[in-house]
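Residue numbers 6 to 97, in the numbering used here, belong to the letters of the sequence shown in order.
Structure first, then comments.
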Amino acid sequence: MGLLINGDLDIVSIATDPRFRRRGVARKLLAHVLDQASVKKAFLEVAVDNEAGLNLYDGLGFQREYVRQKYCQRTRDAWVMMRSEMGENVVW
Ligand SMILES: CC(C)(COP(=O)(O)OP(=O)(O)OC[C@H]1O[C@@H](n2cnc3c(N)ncnc32)[C@H](O)[C@@H]1OP(=O)(O)O)[C@@H](O)C(=O)NCCC(=O)NCCS
Numbered sequence: 006m007g008l009l010i011n012g013d014l015d016i017v018s019i020a021t022d023p024r025f026r027r028r029g030v031a032r033k034l035l036a037h038v039l040d041q042a043s044v045k046k047a048f049l050e051v052a053v054d055n056e057a058g059l060n061l062y063d064g065l066g067f068q069r070e071y072v073r074q075k076y077c078q079r080t081r082d083a084w085v086m087m088r089s090e091m092g093e094n095v096v097w
């Protein structure tokens with residue numbers, strides 16, 4: 006699930022049915038979404054201990070920007086990650 010506003014895509018959540026994981030489903034889905042001309046920058050938060058999520062986003066060219074303390078379920082820290090079509094720095 007995500008929100009697209011003025012070219013900024015906020016990826017809220019993504020999950021693959023456990024029976025179909027590690028088959029490239031999430032990577033293909035996200036790559037397709039990111040490839041849309043209307044998407045200029047994409048943002049998301051992922052728990053710092055979510056190895057699968059971090060690997061997925063690293064592989065799609067997301068950069069780790071900073072850590073939000075106690076973001077996930079108000080207990081786990083999360084990386085804020087960003088991907089820009091232009092490779093530019095984002096102004097927060
Ligand atoms: C994260 C998640 C969406 C990945 O879905 P998926 O369809 O299995 O992912 P893919 O098969 O497309 O994997 C793409 C890459 O992600 C990484 N990855 C995926 N699962 C991984 C795992 N269990 N451990 C380590 N890296 C993993 C790998 O780099 C993988 O590429 P590779 O298979 O060529 O090594 C899935 O594990 C999931 O639903 N997790 C629970 C929900 C969640 O954590 N969502 C993300 C938080 S925002």
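All C-beta atoms, glycine included, are put in the ideal place defined by N, C-alpha and C.
Model, not experiment: these values are computed from the prediction.
Taking buried to mean at least 16 other C-beta atoms within 10 Å of its own C-beta, is residue i buried or exposed?
| i | result |
| --- | --- |
| glycine 5 | Because the chain is modelled from 6 through 97, residue 5 falls outside the range shown and cannot be assessed. |
| valine 51 | buried |
| tyrosine 62 | buried |
Quick check: does the Cβ of residue i come within less than 6 Å of any heavy atom belonging to ligand 1?
| i | result |
| --- | --- |
| arginine 24 | no |
| arginine 32 | yes |
| glycine 58 | yes |
| arginine 98 | Because the chain in this structure spans residues 6 to 97, residue 98 falls outside the shown range and cannot be described. |
Could you tell me which residues DSSP pairs with residue i in its beta bridges?
| i | result |
| --- | --- |
| serine 89 | Lys46 |
So, helix, strand or coil for residue i, using DSSP?
| i | result |
| --- | --- |
| leucine 61 | helix |
| alanine 20 | coil |
| valine 30 | helix |
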